[in-house]
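**Q**
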Amino acid sequence: MGKPSQHLPLWEVFIRSKRGLDHKHVGSLHAADAEQGMQYARDTYTRRSEGCSIWVVRSTDVHASQSEDSASFFDPADDKIYRHPTFYDIPEDLKI
Amino acid sequence: MNGMVPDLGRARDLVSRVRDPEIPVLTIADLGVLRDVRVEGRRLVVTITPTYTGCPAMKAI
Amino acid sequence: MSAPALFEYALRLGDDALINGQRLSEWCGHGPFLEEDVGVANTALDLIGRARLLLAYAGTLEGKGRDEDDLAFTRDERDWRNVLLTELPKGDFGFTTLRQFLLDAYNRHLYDGLRSSKDGTLAGIAGRAAKECEYHLRHSGEWVLRLGDGTEESQRRAQRALDELWPYTPELFETDRVTEELEAQGVAPAAATLRTAWQRTVETLLRAAELTVPENAWPQTGGRQGMHSEHMGFLLAEMQFVQRAYPGLDW
Numbered sequence: 003m004g005k006p007s008q009h010l011p012l013w014e015v016f017i018r019s020k021r022g023l024d025h026k027h028v029g030s031l032h033a034a035d036a037e038q039g040m041q042y043a044r045d046t047y048t049r050r051s052e053g054c055s056i057w058v059v060r061s062t063d064v065h066a067s068q069s070e071d072s073a074s075f076f077d078p079a080d081d082k083i084y085r086h087p088t089f090y091d092i093p094e095d096l097k098i
Numbered sequence: 012m013n014g015m016v017p018d019l020g021r022a023r024d025l026v027s028r029v030r031d032p033e034i035p036v037l038t039i040a041d042l043g044v045l046r047d048v049r050v051e052g053r054r055l056v057v058t059i060t061p062t063y064t065g066c067p068a069m070k071a072i
Numbered sequence: 017m018s019a020p021a022l023f024e025y026a027l028r029l030g031d032d033a034l035i036n037g038q039r040l041s042e043w044c045g046h047g048p049f050l051e052e053d054v055g056v057a058n059t060a061l062d063l064i065g066r067a068r069l070l071l072a073y074a075g076t077l078e079g080k081g082r083d084e085d086d087l088a089f090t091r092d093e094r095d096w097r098n099v100l101l102t103e104l105p106k107g108d109f110g111f112t113t114l115r116q117f118l119l120d121a122y123n124r125h126l127y128d129g130l131r132s133s134k135d136g137t138l139a140g141i142a143g144r145a146a147k148e149c150e151y152h153l154r155h156s157g158e159w160v161l162r163l164g165d166g167t168e169e170s171q172r173r174a175q176r177a178l179d180e181l182w183p184y185t186p187e188l189f190e191t192d193r194v195t196e197e198l199e200a201q202g203v204a205p206a207a208a209t210l211r212t213a214w215q216r217t218v219e220t221l222l223r224a225a226e227l228t229v230p231e232n233a234w235p236q237t238g239g240r241q242g243m244h245s246e247h248m249g250f251l252l253a254e255m256q257f258v259q260r261a262y263p264g265l266d267w
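If you want it as structure tokens, here you go:
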């Protein structure tokens with residue numbers, strides 16, 4: 003084992019509530035490892051709800067898009083109307 | 012400290028480690044009570060703000 | 017079964033939970049770091065919640081009109097039935113962790129056994145408590161592993177804590193007239209069974225944590241008869257102060 007660290011890594015916490023479909027980001031916490039991270043997430047973020055799912059991800063593993071890239075990443079989609087299904091006519095007999 | 016210009020980096024580090032008198036697990040930096048540390052000539056000026064206006068721990072901090 | 021024996025038993029369980037919860041709550045705001053502070057406070061709340069249910073039940077069994085608040089805030093030292101292990105001062109984080117682990121392992125097996133108690137109320141309380149116990153044991157067990165198999169300092173403190181605590185563990189499995197009667201009626205799980213299960217759980221994890229299981233020393237005892245250590249008086253003074261200063265006070 004190497005020299006012990008004075009710092010606990012930071013983790014991002016995602017929770018799916020009992021009635022939800024997707025995990026939502028609820029906050030972050032410090033923990034030595036994933037197991038401890040999940041226990042702390044349970045203690046801190048699930049005090050008042052039951053039947054939920056917890057994800058913890060090391061903050062350093064979260065890769066975020068940069069705001070200065072938003073133009074090249076997101077803008078062009080607006081004028082490519084063929085990417086949106088409203089462009090096509092649905093035949094009469096297929097209408098549900 | 013007479014005649015010495017304070018080392019801002021070290022001062023910031025030391026001040027941000029001051030613990031809250033009531034809840035020592037948290038520092039005044041964690042709580043957002045510590046707002047600023049700066050040098051004015053040969054003096055250090057530390058700016059703090061209470062968590063709420065009536066906070067009785069401000070004197071101790 | 018006799019109501020007095022059942023009352024005595026409910027009191028023991030309730031007092032164990034309340035005194036343990038009270039000691040653990042002393043860490044609130046003083047934990048090693050924020051997340052663990054929240055974790056320990058959570059466990060303390062679970063224990064106090066469990067104590068409420070048990071003491072409320074004890075009050076109805078006694079039949080003298082005492083509720084859980086009366087039992088918690090107006091009883092003197094000699095009337096408390098918790099084991100000595102629960103009332104020892106919190107010590108350092110290693111001491112609290114090892115103490116909690118030993119109690120969590122005991123509670124895990126105790127409430128698991130109580131789920132099939134012939135007494136419906138105890139079985140119901142145990143059903144809820146058993147889930148909490150599993151989580152508590154996971155939490156404290158993980159910490160014992162981290163401390164024992166950690167740095168030189170953490171292992172030294174953990175071992176010292178374990179050596180100090182060990183003589184207080186036999187009291188958990190003491191038998192007397194009350195336990196014999198309730199075991200015979202199928203209300204309480206057999207102490208011998210609990211001891212075997214507890215020993216296996218505890219010794220397996222301690223070995224994995226690179227800690228030495230202490231030699232059996234002269235057992236410390238007396239809690240079940242109301243003969244407490246010098247620490248109990250101070251604990252009660254702090255816990256009961258407000259109710260005794262303002263009797264009958266309501267929030």
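Respectively, the protein sequence lines represent chains R, C and G.
With the first sequence counted from 1, adding 2 to any position gets you the working numbering.
With the second sequence counted from 1, adding 11 to any position gets you the working numbering.
With the third sequence counted from 1, adding 16 to any position gets you the working numbering.
The C-beta atom is built at its ideal place from N, Cα and C for all residues, glycine as well.
1. Hey, how far is the Cα of M3 of chain R from the Cα of L161 of chain G?
2. Let me check understanding here. Comparing Cα to Cα, which of G:L101, G:D86 and G:L138 lies closest to G75 of chain G?
3. Flag this pair as yes or no: are the beta carbons of G242 of chain G and R97 of chain G separated by less than 8 Å?
4. What are the uninterrupted segments assigned as alpha helix (DSSP H) that are 4 or more residues long and contained completely in the region 130-209 of chain G, given in chain order?
5. State the DSSP-derived secondary structure class of P103 of chain G, mapped to helix, strand or coil.
6. Express the C-alpha separation of V15 of chain R and M12 of chain C in angstroms, rounding to a whole number.
7. Using beta carbons (cut-off 8 Å, strictly below), is G4 of chain R in contact with chain G?
8. Based on Cα-Cα distance, which residue from R:L10, R:P93, R:D91 and R:L96 lies nearest to T52 of chain G?
9. Please state if the CB of D47 of chain C and the CB of T38 of chain C are separated by a distance shorter than 8 Å.
10. I think A33 of chain R touches Y42 of chain R, with their Cβ atoms under 8 Å apart; what is that distance to the nearest whole Å?
11. Between A224 of chain G and M40 of chain R, what straight-line distance do the alpha-carbon atoms span, to the nearest angstrom?
12. Just to make sure I have the definition right: I need the residues of chain G whose C-beta is within less than 7 Å of the C-beta of I72 of chain C. Which are they?
13. Could you pull out every residue in the same chain whose Cβ sits closer than 8 Å to the Cβ of E24 of chain G, ignoring the five residues on either side in sequence?
14. Name the two residues that bound the continuous alpha helix (DSSP H) containing R66 of chain G.
15. For A57 of chain G, which residues of its own chain have a beta-carbon under 6 Å away from its beta-carbon, when the five flanking residues on both sides are left out?
16. For chain G, find out if any of its Cβ atoms is closer than 8 Å to the Cβ of P32 of chain R; answer yes or no.
17. Which stretch, first to last residue, makes up the beta strand (DSSP E) that contains H32 of chain R?
18. Helix, strand or coil for R21 of chain C per DSSP?
19. Since G202 of chain G contacts K134 of chain G with CB under 8 Å, what's their CB separation in whole angstroms?
20. Alpha carbon to alpha carbon, how far is F111 of chain G from Q215 of chain G? Give it in angstroms, no decimals.
21. Which residues mark the beginning and the end of the alpha helix (DSSP H) in which D86 of chain G is found?
22. Return the residues of the region 24-47 of chain C that lie within a Cβ-Cβ distance of less than 9 Å from chain D, sorted by chain order.
23. Suppose the cutoff is 7 Å on Cβ atoms and the five residues either side in sequence are ignored; what does the same chain contact list for L252 of chain G look like?
**A** Answer, in terms of the structure:
1. Looking up residue 3 of chain R in the first sequence gives position 1. Looking up residue 161 of chain G in the third sequence gives position 145. Confidence at M3 of chain R is low in this model, with a pLDDT of 42, below 50, so its placement is unreliable and no value can be given for it.
2. On the third sequence, residue 75 of chain G is found 59 positions in, with the first residue counted as 1. Measuring from the Cα of G75 of chain G, the nearest candidate turns out to be G:D86.
3. As a working note, residue 242 of chain G is residue 226 in the third sequence. As a working note, residue 97 of chain G is residue 81 in the third sequence. Result yes, Cβ atoms of G242 of chain G and R97 of chain G sit closer than 8 Å.
4. 136-164, 168-181 and 193-200
5. Locating residue 103 of chain G in the third sequence gives position 87, counting from the first residue. In the sequence under discussion, the amino acid at residue 103 of chain G is Glu, which differs from the Pro named in the question. Three-state result, E103 of chain G: helix.
6. Within the second sequence, the letter at position 1 stands for residue 12 of chain C. Within the first sequence, the letter at position 13 stands for residue 15 of chain R. For M12 of chain C, the predicted model reports a pLDDT of 47, less than 50, meaning its position is unreliable; a value from the coordinates is still stated below. One C-alpha to the other measures close to 45 Å.
7. Taking the first sequence and counting its residues from 1, the one referred to as residue 4 of chain R is at position 2. In this predicted model, G4 of chain R has a pLDDT of only 47, less than 50, meaning its place in the structure is not dependable enough to derive any value.
8. In the third sequence, the residue the question calls residue 52 of chain G occupies position 36. The sequence given here places Glu at residue 52 of chain G; Thr does not occur at that position. If we check each option's Cα against that of E52 of chain G, R:L10 comes out closest.
9. Numbered from 1 along the second sequence, position 27 holds the residue referred to as residue 38 of chain C. Numbered from 1 along the second sequence, position 36 holds the residue referred to as residue 47 of chain C. For T38 of chain C and D47 of chain C, no; Cβs fall outside 8 Å.
10. Within the first sequence, numbered from 1, the residue matching residue 33 of chain R stands at position 31. Within the first sequence, numbered from 1, the residue matching residue 42 of chain R stands at position 40. Right, the Cβ-Cβ distance comes to about 5 Å (below 8 Å), so this counts as a contact.
11. Within the third sequence, residue 224 of chain G is the residue found at index 208, counting from 1. Within the first sequence, residue 40 of chain R is the residue found at index 38, counting from 1. Answer to the nearest angstrom: the Cα atoms are 22 Å apart.
12. Stepping through the second sequence from its first residue, residue 72 of chain C is reached at position 61. Correct list: empty, because the minimum Cβ distance to chain G is about 15 Å.
13. By 1-based counting over the third sequence, the position of residue 24 of chain G is 8. Excluding residues within five positions, the ones whose Cβ falls inside 8 Å are R97 and V194.
14. The sequence position of residue 66 of chain G within the third sequence is 50, counting from 1. R66 of chain G -> alpha helix (DSSP H) spans L50 to E78.
15. On the third sequence, residue 57 of chain G is found 41 positions in, with the first residue counted as 1. Same-chain partners within the cutoff: C44.
16. Counted from its first residue, the first sequence places residue 32 of chain R at position 30. Reading the sequence as shown, one finds His at residue 32 of chain R and not Pro. Cβ-Cβ to chain G under 8 Å: yes for H32 of chain R.
17. To locate residue 32 of chain R, count along the first sequence from 1; it is residue 30. Note, H32 of chain R: beta strand (DSSP E), K26 to H32.
18. Position 10 of the second sequence, counted from the first residue, corresponds to residue 21 of chain C. Helix at R21 of chain C.
19. For the purposes of this step, residue 202 of chain G is identified with residue 186 of the third sequence, where counting begins at 1. For the purposes of this step, residue 134 of chain G is identified with residue 118 of the third sequence, where counting begins at 1. With 8 Å as the limit, G202 of chain G and K134 of chain G qualify as a contact, their Cβ atoms being about 4 Å apart.
20. Sequence index remark: in the third sequence, residue 215 of chain G carries index 199 (1-based). Sequence index remark: in the third sequence, residue 111 of chain G carries index 95 (1-based). Using only the alpha carbons, I get a separation of about 19 Å.
21. Residue numbering aside, residue 86 of chain G sits at position 70 when the third sequence is read from its first letter. It spans E84 to T90 - the alpha helix (DSSP H) in which D86 of chain G sits, taken as one unbroken run.
22. Among the chains of the structure shown, chain D does not appear; the protein chains present are R, C and G.
23. Looking up residue 252 of chain G in the third sequence gives position 236. Once the five neighbours on either side are set aside, the close Cβ partners of L252 of chain G are E93.
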